[in-house]
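Counting along the sequence shown from 1, when you hit position 140 you're at 140 in UniProt numbering, and nothing is skipped either side.
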Amino acid sequence: MSVPPPNAEIRSRRHAPPLILAVLGSCGIVVALMQTLVIPIIPELPHLLGSSAANTSWAVTATLLVAAVVTPISGRLGDMFGKRRALIGSLTLLVLGSAVCAMASSLIPMVTGRALQGAAIGAIPLGIAILRDVLPPKRVGGAMAVMSATLGVGGAVGLPIAATIAYYTDWHMLFVVSAVLGCACIALTLLVIPESPVRRPGRFDFLGAVGLSVVLVTFLLPITKGDDWGWASGQTLGLFAVSFASLLLWGFFELRTAAPLIDLRVSARPPVLFTNLASVAVGFAMYGTSLSFPQLLMAPESTGYGFGLSMITAGLVLAPGGLVMMALSPVSARLSAWRGPRVTLMTGAVVIGLGYAVAYVAVSAVWQVLLAGMVIGAGIGLSYSAMPALIMSAVPITESAAANGLNSLMRSIGTSTSAAVVSVILAGMTVTVGTAVIPSLDAFRAGFIASIIASMVTLVLAWLIPSPRKDLRPVDEERGVEDGGDRVTEIDEQIHGGTPGVEVNEVTPDASAPARRAFHPASRPAETFPQSD
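Rendered as structure tokens:
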């Protein structure tokens with residue numbers, strides 16, 4: 001499908017690639033901030049909202065559930081109607097949710113607002129897809145790495161920022177600030193981000209969206225609430241059974257739908273399948289720090305292993321781990337260009353495991369926790385930046401937003417599973433200090449082991465991702481295929497200057513192969529085509 005790029009726009013100063021990346025990266029960080037926005041006030045929510053602790057926990061659960069459900073849907077809508085439009089829609093939901101929470105004084109408005117905030121998480125995969133569509137090929141790899149890192153950066157820096165705001169002002173200011181940031185992101189998106197010219201028109205798969213929602217809600221709800229309900233309770237096991245049955249029915253329906261919400265045949269390709277499975281494992285490993293490290297840093301010194309830090313100080317100790325993710329983005333892009341994103345993902349998995357190994361053997365000083373967090377952050381940064389490149393190399397450009405949305409969903413499943421597993425571990429081995437019951441040192445170490453196992457699973461899955469075929473040769477970007485064969489016609493006037501993308505329109509007189517389209521050239525280190533006989 002030939003799609004002419006907006007060359008005049010992308011080459012203008014207002015749409016310069018660095019500015020596009022800065023705006024999309026800012027949107028990603030603001031959206032990711034919503035993950036940790038309410039963590040500092042969770043202990044106070046029952047009093048603030050006049051409800052029980054079990055009920056107020058829905059302020060977190062609703063965000064996770066809605067984020068998981070909406071992410072692939074927003075990606076598909078972006079592919080159909082425009083990724084910039086879908087991005088603005090996601091940011092608008094963030095602003096609306098923040099406004100509802102800012103005015104909330106009871107449970108239902110608070111949970112409703114947090115659910116709307118969770119719906120905005122689709123902005124990150126949409127941003128990655130926009131970068132693929134509108135940037136020159138040589139800039140796409142590094143830009144996607146930066147955009148991927150925003151998920152970790154926002155979550156890491158959000159904790160100390162939210163704790164500081166909540167400590168010094170009224171808790172409603174958390175949501176006033178997030179609403180203002182959301183409005184700023186909308187304005188910058190309208191001003192700077194060009195609409196992607198790539199579309200995949202068709203009918204929206206409403207039944208597929210409903211079916212996927214049922215699958216995810218009935219799977220993630222017992223994972224997040226299983227510790228409260230009991231893992232062997234009828235409620236928990238029943239929802240898991242419903243989720244499994246719904247998954248089978250949904251998959252059967254999607255395989256027979258002309259325009260499915262998620263193309264399962266594309267998702268079953270080994271590069272996509274193993275990358276998405278690795279995303280689950282990386283998401284599990286990442287969330288281990290969010291659960292274990294704050295509790296370890298804030299545990300009383302009288303335990304012999306805690307440090308007695310405040311929420312603000314603990315957040316500041318953990319923030320460098322998120323900043324390392326962003327700082328390593330250029331390194332990750334260069335490593336992917338040199339050795340391929342598969343090697344980058346494998347390297348990231350090893351680094352994550354090393355970071356948790358450091359935490360296991362040496363957490364007797366704050367600087368050791370800081371070091372372990374930075375090493376883990378480096379591994380997460382390498383892994384997160386590699387996964388979009390692996391996905392982009394295996395899917396058509398017209399499905400990029402939906403494919404990235406599915407990959408983000410897999411990470412969400414990993415983090416939700418980690419929250420359940422690590423919480424059970426920490427709650428199962430405790431010590432009593434005064435009237436407080438806190439996890440023991442053995443509990444923290446068991447949580448670290450679980451994350452080490454997840455990093456090793458990531459390594460194995462990354463190793464299983466097929467390497468690029470060696471019987472293919474690269475396209476010469478200036479002249480098409482060298483020395484005859486298929487004739488490559490560039491979509492853009494110059495592939496280095498506008499929206500990347502090439503299409504093989506027809507064959508040369510000395511070739512007999514049928515015409516076929518290529519994927520986006522920036523999505524692979526070297527776009528390749530079979531030689532003609």
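Even for Gly, the Cβ is constructed at its ideal location relative to N, Cα and C.
Integer Cβ distance of Gly155 from Leu94, believed to fall under 8 Å: Start at 1 with the first residue of the sequence shown, and residue 155 comes out as number 155. Start at 1 with the first residue of the sequence shown, and residue 94 comes out as number 94. Not really, about 15 Å apart at Cβ, beyond 8 Å.
Can you list, in chain order, the residues of its chain with a C-beta nearer than 6 Å to that of Ala145? Leave out the 5 residues immediately preceding and following it. Looking up residue 145 in the sequence shown gives position 145. Residues of the same chain with a CB within less than 6 Å of the CB of Ala145, apart from the 5 flanking positions on each side, are Ser329, Ser332, Ala333, Ser385 in chain order.
Cut-off 6 Å between Cβ atoms - residues of its own chain near Val66, not counting five sequence neighbours on either side: Translated into positions along the sequence shown, residue 66 becomes position 66. Short of 6 Å from the beta carbon of Val66, and not among the five residues preceding or following it, lie these beta carbons of its own chain, in chain order: Ala115, Gly118, Ala119.
Quick check on Trp250: does DSSP put it in helix, strand or coil? Numbered from its first residue, the sequence shown carries residue 250 at position 250. Trp250: helix per DSSP, three-state reduction.
Assuming Gly405 and Gly75 make a contact with CB atoms under 8 Å, what is their CB distance in whole Å? Sequence index remark: in the sequence shown, residue 405 carries index 405 (1-based). Sequence index remark: in the sequence shown, residue 75 carries index 75 (1-based). The Cβ separation is near 3 Å, so the contact holds.
Alpha carbon to alpha carbon, how far is Pro160 from Gly315? Give it in angstroms, no decimals. Translated into the one-based positions of the sequence shown, residue 315 becomes position 315. Translated into the one-based positions of the sequence shown, residue 160 becomes position 160. C-alpha separation (whole angstroms): 4 Å.
Among Met326, Ser292, Val457, whose alpha-carbon lies nearest the alpha-carbon of Ile425? As a first step, residue 425 must be located in the sequence shown, where it is residue number 425. Ranking the options by Cα distance to Ile425, first place goes to Ser292.
Assumed close pair residue 534, Leu247 - CB separation to whole angstroms, cut-off 8 Å: Only positions 1 to 533 of the chain appear in this structure, which leaves residue 534 out of reach.
Keeping to the same chain, check which residues put their C-beta closer than 7 Å to that of Asp228; ignore five residues upstream and five downstream. The residue given as residue 228 occupies position 228 in the sequence shown. The beta carbon of Asp228 sits closer than 7 Å to those of Ala54, all from its chain and outside the five residues before and after it, given in chain order.
If we ignore side chains and look at the alpha-carbon of each, how far apart do Met80 and Arg199 end up? Mapped onto the sequence shown, residue 80 falls at position 80. Mapped onto the sequence shown, residue 199 falls at position 199. Each residue's CA atom was taken as its position, placing Met80 and Arg199 some 5 Å apart.
Is Ile312 helix, strand or coil when you go by DSSP? For the purposes of this step, residue 312 is taken as residue 312 along the sequence shown, with counting starting at 1. For Ile312, the secondary structure class from DSSP, reduced to helix, strand or coil, is helix.
Return the CA-CA distance between Glu493 and Pro341, expressed in angstroms with no decimal places. Counted from its first residue, the sequence shown places residue 493 at position 493. Counted from its first residue, the sequence shown places residue 341 at position 341. Below a pLDDT of 50, predicted positions are generally treated as unreliable, and Glu493, at 35, falls in that range; the measurement from the model is reported next regardless. Each residue's Cα considered, the two are about 29 Å apart.
Who does Val437 pair with in a DSSP beta bridge? As a first step, residue 437 must be located in the sequence shown, where it is residue number 437. Looking at the DSSP assignment, Val437 forms a beta bridge with Thr432.
Is the beta carbon of Gly353 sitting closer than 8 Å to the one on Gly152? For this step, residue 353 is matched to residue 353 along the sequence shown. For this step, residue 152 is matched to residue 152 along the sequence shown. Going by C-beta atoms, Gly353 is not nearer than 8 Å to Gly152.
Helix, strand or coil, according to DSSP, for Trp338 in the structure here? Here residue 338 corresponds to residue number 338 of the sequence shown, with the count starting at 1. DSSP places Trp338 in helix when its eight states are reduced to three.
In the structure shown, what three-state DSSP assignment does Pro197 receive? Walking along the sequence shown from the start, residue 197 turns up at place 197. Of the three classes helix, strand and coil, the one that applies to Pro197 here is coil, per DSSP.
Secondary structure at Gln295, three-state DSSP: helix, strand or coil? Reading the sequence shown from its first residue, position 295 is the one you call residue 295. The answer is helix: DSSP assigns Gln295 an H, G or I state.
Under 8 Å, do Val100 and Gly113 count as touching if we go by C-beta distance? Along the sequence shown, read from residue 1 onward, the residue named residue 100 stands at position 100. Along the sequence shown, read from residue 1 onward, the residue named residue 113 stands at position 113. The answer is yes: Cβ separation under 8 Å.
Under 8 Å, with one C-beta from each stretch per pair, do the region 279-299 and the region 371-380 reach the 3-pair mark? yes
In three-state DSSP terms, what is Gly154? Along the sequence shown, read from residue 1 onward, the residue named residue 154 stands at position 154. Here Gly154 sits in helix by DSSP.
Alpha carbon to alpha carbon, how far is Val30 from Gly142? Give it in angstroms, no decimals. Residue mapping note: residue 142 aligns to position 142 of the sequence shown, counting from 1. Residue mapping note: residue 30 aligns to position 30 of the sequence shown, counting from 1. Using only the alpha carbons, I get a separation of about 20 Å.
Here's the rule I'm using: 16 or more other beta-carbon atoms within 10 Å means buried, otherwise exposed. How should Tyr168 be labelled? Working through the sequence shown from its first residue, we reach residue 168 at position 168. Looking at its Cβ environment, which holds fewer than 16 other Cβ atoms inside 10 Å, Tyr168 is exposed.
Is the distance from the Cβ of Thr92 to the Cβ of Ile186 below 8 Å? Position 92 of the sequence shown holds residue 92. Position 186 of the sequence shown holds residue 186. Yes. Within cutoff.
Our contact map puts Gly283 next to Ala420 with C-beta atoms below 8 Å; I'd like the distance itself, whole angstroms only. Position 283 of the sequence shown, counted from the first residue, corresponds to residue 283. Position 420 of the sequence shown, counted from the first residue, corresponds to residue 420. At roughly 12 Å, the Cβ-Cβ gap does not stay under 8 Å, so Gly283 and Ala420 are not in contact.
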